[in-house]
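Asker: With the sequence shown counted from 1, adding 27 to any position gets you this note's numbering.
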Amino acid sequence: HSNREMWFQDFLSPNTCPINAKANTFYGIMFDAGSTGTRIHIYTFVQKSPEVEGEIFESVKPGLSAYADQPEKGAETVKALLDMAVDAVPPHLWKKTPVVLKATAGLRLLSEEKAQALLSEVKEVFEESPFLVPEDSVGIMDGSHEGILAWITVNFLTGQLSGQNQQTVGILDLGGASTQITFLPRFEETLKETPEDFLTSFEMFNSTYKLYTHSYLGFGLKAARLATLGALNMEVVDGQMFRSSCLPKHLEAEWHFGGVKYQYGGNKEGETGFKPCYLEVLKVVKGKLHQPDEIRGSSFYAFSYYYDRAADTNLIDYERGGVLEVRNFERKAKEVCDNMERYNSASPFLCMDLTYITALLKEGFGFRDNTILKLTKKVNNIETSWTLGATFYLLQSLGMTY
Ligand SMILES: Nc1nc2c(ncn2[C@@H]2O[C@H](COP(=O)(O)OP(=O)(O)O)[C@@H](O)[C@H]2O)c(=O)[nH]1
Ligand SMILES: [Ca+2]
Numbered sequence: 028h029s030n031r032e033m034w035f036q037d038f039l040s041p042n043t044c045p046i047n048a049k050a051n052t053f054y055g056i057m058f059d060a061g062s063t064g065t066r067i068h069i070y071t072f073v074q075k076s077p078e079v080e081g082e083i084f085e086s087v088k089p090g091l092s093a094y095a096d097q098p099e100k101g102a103e104t105v106k107a108l109l110d111m112a113v114d115a116v117p118p119h120l121w122k123k124t125p126v127v128l129k130a131t132a133g134l135r136l137l138s139e140e141k142a143q144a145l146l147s148e149v150k151e152v153f154e155e156s157p158f159l160v161p162e163d164s165v166g167i168m169d170g171s172h173e174g175i176l177a178w179i180t181v182n183f184l185t186g187q188l189s190g191q192n193q194q195t196v197g198i199l200d201l202g203g204a205s206t207q208i209t210f211l212p213r214f215e216e217t218l219k220e221t222p223e224d225f226l227t228s229f230e231m232f233n234s235t236y237k238l239y240t241h242s243y244l245g246f247g248l249k250a251a252r253l254a255t256l257g258a259l260n261m262e263v264v265d266g267q268m269f270r271s272s273c274l275p276k277h278l279e280a281e282w283h284f285g286g287v288k289y290q291y292g293g294n295k296e297g298e299t300g301f302k303p304c305y306l307e308v309l310k311v312v313k314g315k316l317h318q319p320d321e322i323r324g325s326s327f328y329a330f331s332y333y334y335d336r337a338a339d340t341n342l343i344d345y346e347r348g349g350v351l352e353v354r355n356f357e358r359k360a361k362e363v364c365d366n367m368e369r370y371n372s373a374s375p376f377l378c379m380d381l382t383y384i385t386a387l388l389k390e391g392f393g394f395r396d397n398t399i400l401k402l403t404k405k406v407n408n409i410e411t412s413w414t415l416g417a418t419f420y421l422l423q424s425l426g427m428t429y
């Protein structure tokens, strides 16, 4: 360093810079313990109005449920991410920076004691850190909150929660083990025909919202693969083969999910391709999901695996996302499933995944072929995830703001 720079650096050190510049900035750390990975979101807030100044986002695979029998190792993956936050947050703010981890469907599918073992190891990592560890800093996220909090994130970031025009957007989140659908019903009719536990009211930014939301456990993309193979929620006999016409004909492979090993493969003799595959995935979704009429015409934001699979098949730009119709997923599914040899470089599940997404949207939720989906993974450079919404609630509950 030249001495000029040193002088400059000294001037801006925390205890000499103008207090209002520093006092306004504070941080929140929210971990998303997803079924396929653990993610850290380090948010920077500016005090004056609910404003997110920035986000540091990192993720690690696999998710905590893969460490069902080695909870300390699972917690180590959280510690590695938390060490990043020690570097990112100024030391004088550590004690005022809350750290929370919420686990989603991956841990909901684990046994109670295995999930608790993982969570208590994570709690120890938090206790050993320099950050503020609130009361319920580690836990499993309630499915209905998962959808609502993602809705808050997207509608806050797109400015629908502050502006007067309450033209909010609905959200679709396709995880590995569960999938969420959330929107603000406009018609009284919808409220009447919706099951009671699908409707949740809450207070945010001094407005009250009554949202339609549901988290379908077992309907995430990975869980749906097992369901399509007929392997979900069953004791797998060692060496048992699971076959599907959604898989390449000559495929023989094994796969680990949620700590269990599965043998799976294609239909050497039987049929292969979109038509037989669609019939298989239809068994997973037909008649299993609630179909609110209101959504048939409205467009939705869609992210997580909806985004990943659309990007993997160039339906959207990998970085910027894009807008498409439900029919684009179906067309791509047909193209992949009926030309499997051309796609052998991609995941062997690509045909099954795209066909499942098509069936989930059309036969599951009841969307039309021309329903518009806005696929995004960031809005204003902030990840579209339930974690920002969860952090707003956390700060509110700590009386820190909003
Ligand atoms: N970019 C990005 N992708 C995400 C985020 N959360 C989930 N995903 C993607 O969605 C996939 C499945 O979601 P996950 O959270 O692991 O499953 P869940 O526990 O059932 O919700 C992951 O493999 C990621 O690719 C996120 O915050 N940002
Ligand atoms: Ca998730």
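Beta carbons: idealized from backbone N, C-alpha and C, even for Gly.
Quick one: is residue 347 buried, meaning 16 or more other Cβ sit within 10 Å of its Cβ, or exposed?
Answerer: Indexing the sequence shown from 1 puts residue 347 at position 320. Counting Cβ neighbours within 10 Å, residue 347 comes out exposed, since fewer than 16 surround it.
Asker: Take residue 201 as the anchor and find which of 342, 333, 343 and 403 has the nearest alpha-carbon.
Answerer: As a working mapping, residue 201 is identified with position 174 in the sequence shown. The residue with the shortest Cα to Cα distance from residue 201 is 333.
Asker: Quick check on the DSSP output: what are the complete beta strand (DSSP E) runs of length 3 or more inside the region 257 to 297, in order along the chain?
Answerer: The region 257 to 297 contains these whole beta strand (DSSP E) runs: 268 to 270, 279 to 284 and 287 to 292.
Asker: Closest to residue 156 by C-alpha separation, out of 307, 123, 238 and 140, would be which residue?
Answerer: What you label residue 156 is simply residue 129 of the sequence shown in a count that begins at 1. Measuring from the Cα of residue 156, the nearest candidate turns out to be 123.
Asker: In chain order, what residues of the same chain have a beta carbon less than 6 Å from the beta carbon of residue 60, not counting five sequence neighbours either side?
Answerer: Your numbering for residue 60 matches position 33 in the sequence shown. Correct list, in chain order: 91, 128 and 130.
Asker: Shortest alpha-carbon distance to residue 10 belongs to which of 86, 114 and 259?
Answerer: The first residue shown for the chain is 28 and the last is 429, placing residue 10 beyond what the model contains.
Asker: If we ignore side chains and look at the alpha-carbon of each, how far apart do residue 83 and residue 306 end up?
Answerer: Residue numbering aside, residue 83 sits at position 56 when the sequence shown is read from its first letter. Residue numbering aside, residue 306 sits at position 279 when the sequence shown is read from its first letter. Distance between the alpha carbons of residue 83 and residue 306: 43 Å.
Asker: Taking 6 Å as the cut-off, is the CB of residue 391 close to at least one heavy atom of ligand 2?
Answerer: Your numbering for residue 391 matches position 364 in the sequence shown. Checking every heavy atom of ligand 2 against the Cβ of residue 391, none is found closer than 6 Å.
Asker: Tell me the rounded alpha-carbon separation between residue 412 and residue 365.
Answerer: Taking the first residue of the sequence shown as 1, we reach residue 412 at position 385. Taking the first residue of the sequence shown as 1, we reach residue 365 at position 338. When rounded, the distance between both Cα atoms is 34 Å.
Asker: For residue 61, is the beta carbon positioned less than 6 Å from some heavy atom of ligand 2?
Answerer: The residue you call residue 61 lines up with position 34 of the sequence shown. Checking every heavy atom of ligand 2 against the Cβ of residue 61, one is found closer than 6 Å.
Asker: Determine the DSSP secondary structure at residue 79, reduced to helix, strand or coil.
Answerer: Position 52 of the sequence shown holds residue 79. Strand at residue 79.
Asker: Please confirm whether any heavy atom of ligand 2 lies closer than 6 Å to the CB of residue 131.
Answerer: Here residue 131 corresponds to residue number 104 of the sequence shown, with the count starting at 1. At least one heavy atom of ligand 2 is nearer than 6 Å to the Cβ of residue 131, so yes.
Asker: Closer than 6 Å: is that where the CB of residue 174 sits relative to any heavy atom of ligand 2?
Answerer: In the sequence shown, the residue the question calls residue 174 occupies position 147. Outside the cutoff, so no.
Asker: Can you list, in chain order, the stretches of the beta strand (DSSP E) that have 3 or more residues and sit fully within the region 166 to 209?
Answerer: If we require 3 residues or more, the beta strand (DSSP E) runs fully inside the region 166 to 209 come out as 197 to 201.
Asker: Compute the minimum distance between the beta carbon of residue 202 and the heavy atoms of ligand 2, and state whether it is under 6 Å.
Answerer: Start at 1 with the first residue of the sequence shown, and residue 202 comes out as number 175. Yes - ligand 2 has a heavy atom lying nearer than 6 Å to the Cβ of residue 202.
Asker: Ligand 1 heavy atoms versus the CB of residue 332: any closer than 6 Å?
Answerer: Against the sequence shown, residue 332 aligns to sequence position 305. At least one heavy atom of ligand 1 is nearer than 6 Å to the Cβ of residue 332, so yes.
Asker: Measuring CA to CA, which of 116, 275, 359 and 226 is closest to residue 23?
Answerer: Because the chain is modelled from 28 through 429, residue 23 falls outside the range shown and cannot be assessed.
Asker: How would you call residue 261, buried or exposed, if buried means at least 16 neighbouring beta carbons within 10 angstroms?
Answerer: As a working note, residue 261 is residue 234 in the sequence shown. Per the 10 Å Cβ criterion, exposed.
Asker: Give a yes or no on contact between the region 314 to 322 and the region 212 to 228, applying the rule of three or more CB pairs nearer than 8 Å.
Answerer: The region 314 to 322 is in contact with the region 212 to 228.
Asker: Just the Cα atoms here: how many angstroms apart are residue 339 and residue 372?
Answerer: As a working note, residue 339 is residue 312 in the sequence shown. As a working note, residue 372 is residue 345 in the sequence shown. Using only the alpha carbons, I get a separation of about 12 Å.
Asker: Any idea what DSSP makes of residue 98, helix, strand or coil?
Answerer: Residue numbering aside, residue 98 sits at position 71 when the sequence shown is read from its first letter. Helix, per DSSP.
Asker: Which stretch, first to last residue, makes up the beta strand (DSSP E) that contains residue 66?
Answerer: What you label residue 66 is simply residue 39 of the sequence shown in a count that begins at 1. Looking at the DSSP string, the run of the beta strand (DSSP E) that includes residue 66 is 65 to 73.
Asker: Do you know how far the Cα of residue 295 is from the Cα of residue 410?
Answerer: The residue given as residue 410 occupies position 383 in the sequence shown. The residue given as residue 295 occupies position 268 in the sequence shown. About 42 Å.
Asker: For the beta strand (DSSP E) that residue 52 lies in, which residues bound it at each end?
Answerer: Within the sequence shown, numbered from 1, the residue matching residue 52 stands at position 25. Unbroken beta strand (DSSP E) run through residue 52: 52 to 60.
Asker: Throw me the rounded Cβ distance for the residue 272 and residue 300 pair, which I believe falls under 8 Å.
Answerer: Within the sequence shown, the letter at position 245 stands for residue 272. Within the sequence shown, the letter at position 273 stands for residue 300. Right, their Cβ atoms sit about 7 Å apart.
Asker: What does DSSP give as the partner residue(s) for residue 124 in the beta ladder?
Answerer: On the sequence shown, position 97 is the one that residue 124 refers to. In DSSP, residue 124 forms no bridge with anything.
Asker: On the CB-based measure, 16 or more other CB atoms within 10 Å of its CB, does residue 233 come out buried or exposed?
Answerer: For this step, residue 233 is matched to residue 206 along the sequence shown. Its Cβ having fewer than 16 others within 10 Å, residue 233 is exposed.
Asker: Taking all protein chains shown into account, decide if residue 66 is buried (16 or more other Cβ within 10 angstroms of its Cβ) or exposed.
Answerer: Within the sequence shown, residue 66 is the residue found at index 39, counting from 1. Buried is the call here.
Asker: Checking the sheet assignment: what are the DSSP bridge partners for residue 349?
Answerer: Translated into the one-based positions of the sequence shown, residue 349 becomes position 322. DSSP lists 402 as partners of residue 349.
Asker: Residue 329 lies in the beta strand (DSSP E); which residues open and close that run?
Answerer: If you number the sequence shown from 1, residue 329 lands on position 302. Here the beta strand (DSSP E) through residue 329 covers 327 to 331.
Asker: Taking the straight line between their C-alpha atoms, what separation do you get for residue 453 and residue 197?
Answerer: Lying outside 28 to 429, the shown extent of the chain, residue 453 is not represented and no answer is given.
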